[in-house]
Amino acid sequence: MKTPLANSASRLFATSPLRHPRFRLFYFGSLGTALGYTMQTTVAAWVMATLTPSEFMVALVQTASTAPALLFGLVAGALADIVDRRRLILATQWLLLASTAILGAATLAGLVGPAMLLALTFMVGAGLSLYLPAQAASIHDLVSREELPRAVALGAVAFNVARAVGPALAGGIAAWLGSGSALVASSLSFVLMIVAVYRMKKRERGLPGVPETVFMGVLSGLRFARHSLPMRSLLIRNVSFSLCASAFWALLPVIARDQLQLGAGGFGLLSAGFGIGAIVGALAIPGQLQRRSLNVVVTWASILWVGAIALLAATDVVALAIVAAGGGGAAWVSVLAGLSAGTQTSAPAWVRARAVSVNLVSMQASLALGSALWGAAAAAAGTRLALAGSVITMLLLLAISHRARVAMGNEADVTPGAKLAELAIATEPQPDDGPVLIQIEYRIDREHRAEFLRAIHAIEPARRRNGASSWRVFRDLGEDGLFVERFIIASWAEYVRTRARATIADRSLQERIERSQRAGVPVRISRLIGIDRERDVLGDETRHG
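When we follow the numbering used here, the leftmost residue of the sequence shown carries the number 14, and every step to the right adds one.
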């Protein structure tokens with residue numbers, strides 16, 4: 014007779030995403046990349062420990078591995094939305110393979126030193142940080158929208174399996190064949206993703222016109238996150254959870270050593286308990302999301318985390334501590350996988366990788382800040398009180414952020430609207446010309462004004478997240494019933510992209526506004542291009558005769 018866990022596993026692996034050959038290969042490629050990364054970081058720390066007795070230098074290995082996520086995370090998201098994701102993933106895999114293989118060869122040859130080790134580990138971290146947004150956004154291209162939560166949950170399983178198996182596998186190979194051989198072996202795990210990417214279809218470029226620069230792409234991603242209510246809610250919950258949950262990661266070695274009086278083996282048991290709990294949570298979350306809303310799942314998973322960490326803070330019994338770590342693992346993956354699925358379904362295709370990168374960077378920054386905070390608290394007041402403080406803080410943040418309700422995105426909010434009509438313009442500006450002032454005139458009879466004003470203000474966030482700034486509605490003092498909507502776009506190329514970014518929901522809002530328009534009178538749209546200097550005018554006259 015199958016257990017509930019076995020039933021969950023059967024449903025997860027026998028249905029939806031893994032039945033698609035390309036996703037299946039991509040999934041195991043992702044598992045290989047995660048396995049290679051965890052193996053490299055494990056062996057690199059051990060190699061540094063054999064090179065120098067300095068604890069500071071050993072700790073710098075972790076810094077070199079994780080710092081690129083904060084340095085390059087937003088750029089990685091912009092690149093993944095602007096360039097061909099297949100090529101970007103391929104480049105990152107070759108970078109990961111080459112950096113790890115060179116480090117392995119140098120270790121085998123006895124040529125590695127602390128500086129080389131840190132530099133190559135930094136390159137591995139950079140490769141991973143550039144890879145993750147492209148990998149996450151590519152899942153949406155391989156499965157249907159309905160299958161996305163299951164696909165994200167499978168990714169969480171792969172990550173936690175890699176985190177559990179990678180260090181043990183790396184340690185076994187290092188003990189048998191040496192650290193250099195373990196590094197060379199870890200470099201081979203990146204080959205599977207390279208094969209998977211060659212099997213992927215090339216993604217069609219989504220928006221017309223001149224592609225964005227990376228800098229403008231980063232700004233567009235941040236602007237979208239700021240003006241998208243679903244994204245803001247997801248980020249609030251992400252930061253709140255990660256800030257408090259970082260106490261577990263920061264203090265786990267101290268809990269094992271001082272509170273539970275355990276050695277390295279006991280620490281490994283706690284980590285294994287967390288990993289098993291994380292896998293259980295990943296297997297359970299697709300079914301939970303089918304029966305309950307994302308907000309309910311994330312809230313109850315956060316409460317489970319509170320209970321698990323409270324138990325961990327209170328107990329001196331190793332078995333109970335392992336159970337608490339398992340509960341924490343289930344809660345951890347349920348919250349983060351749920352928020353990741355929410356992010357990917359709430360962002361349109363043109364900005365999806367950037368939304369993922371903002372989510373990842375905010376999590377990494379919160380974990381880094383929280384680790385320092387709870388580490389300082391433990392040094393001042395003890396480990397138990399620091400854990401208790403993280404529990405109380407999470408409960409307070411849950412109470413404060415209850416209005417930041419998270420949900421899976423609506424299809425109308427991410428699906429492009431109807432095909433756009435050709436622009437009625439006398440001359441085509443250059444892509445860099447600008448800024449562009451858009452002025453839309455509405456003539457509204459008195460009985461429709463209340464509905465018009467509600468609708469026009471409802472469209473402001475859509476205008477801003479798609480690229481507008483300085484948005485405002487004006488009432489004409491000389492003509493009763495004349496209202497003018499004005500906003501600015503940075504350049505003509507950005508305006509062309511902005512028009513294409515409008516979704517079905519945005520079009521519906523625009524239609525709602527125009528239903529208030531006076532019968533028989535068309536809405537008038539003016540597009541004005543900025544002129545800064547006399548030579549701009551002369552240059553324009555020369556171009557157009």
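Quick reminder that beta carbons are idealized off the backbone N, C-alpha and C, glycines included.
Runs of the alpha helix (DSSP H) spanning 4 or more residues and lying entirely within the region 257–322 occur at 277–304, in chain order.
For residue 341, the closest alpha carbon among the candidates 87, 294, 428 is that of 294. Annotation for residue 359: the continuous alpha helix (DSSP H) segment containing it runs 331–359.
Distance from the CA of residue 478 to the CA of residue 273, rounded to the nearest whole angstrom, comes to 50 Å. For residue 539, the closest alpha carbon among the candidates 513, 133, 498, 511 is that of 498.
With 16 or more other Cβ atoms from the protein chains shown falling within 10 Å of its own Cβ, residue 30 counts as buried. Spanning the alpha carbons of residue 409 and residue 191 requires a straight line of approximately 49 Å. Taking a 10 Å sphere around the C-beta of residue 519, we find 16 or more other C-beta atoms and assign the residue as buried. Residue burial annotation: residue 150 is buried, with at least 16 other C-beta atoms found within 10 angstroms of its C-beta. Taking C-beta separations shorter than 7 Å and ignoring five residues to either side along the sequence, the partners of residue 155 in its chain run 33, 35, 36, 39, following chain order. Within a 10 Å sphere around the beta-carbon of residue 110 sit 16 or more other beta-carbons, which makes this residue buried.
Using a Cβ-Cβ distance cut-off of 8 Å, the region 106–120 and the region 75–90 are not in contact, since fewer than three pairs of beta carbons, one from each stretch, lie closer than that value.
Bridge partners of residue 499 according to DSSP: 452, 485.
Beyond the five residues adjoining it in sequence on each side, residue 376 comes within less than 8 Å, by CB distance, of 251, 252, 255, 349 in the same chain, given in chain order.
The Cβ atoms of residue 246 and residue 417 lie closer than 8 Å to each other. Within the model, the alpha-carbon separation for residue 141 versus residue 373 is close to 12 Å. For residue 443, the secondary structure class from DSSP, reduced to helix, strand or coil, is coil. DSSP places residue 539 inside the beta strand (DSSP E), whose first and last residues are 537–542.
Around the C-beta of residue 303, fewer than 16 other C-beta atoms lie within 10 Å, and the residue is accordingly described as exposed.
For the region 75–156, the full-length alpha helix (DSSP H) segments reaching 4 residues or more read 98–121, 127–155 along the chain.
Partner residues in the beta bridge of residue 530, as assigned by DSSP, are 457. Close CB contacts of residue 292 within its chain, under the 6 Å cut and outside five residues either way in sequence, are with 170, 173 (chain order).
In this structure, residue 501 sits near residue 449, with a CB-CB distance shorter than 8 Å. When the Cα atoms are used, residue 95 and residue 144 turn out to be separated by approximately 14 Å. With contacts defined by Cβ atoms closer than 8 Å, residue 206 and residue 102 form a contacting pair. By the CB criterion at 8 Å, residue 307 and residue 165 fall outside the cutoff. Assignment of residue 65 by DSSP, reduced to helix, strand and coil, places it in the coil class. Collapsing the DSSP output to three states places residue 516 in a strand. About 27 Å separates the Cβ atoms of residue 258 and residue 59, ruling out a contact at the 8 Å cut-off. Shortest Cα-Cα distance from residue 517 to any of 423, 508, 484, 494 involves 423. At least 8 Å separates the beta-carbon of residue 363 from that of residue 260. DSSP places residue 474 within a helical segment (H, G or I) once states are collapsed to three.
When the beta-carbon positions are compared, residue 63 and residue 127 stay at least 8 Å from each other. In the DSSP assignment, residue 429 is bridged to 516.
In this structure, residue 199 lies near residue 53, with their beta-carbon atoms less than 8 Å apart. DSSP places residue 383 inside the alpha helix (DSSP H), whose first and last residues are 365–394.
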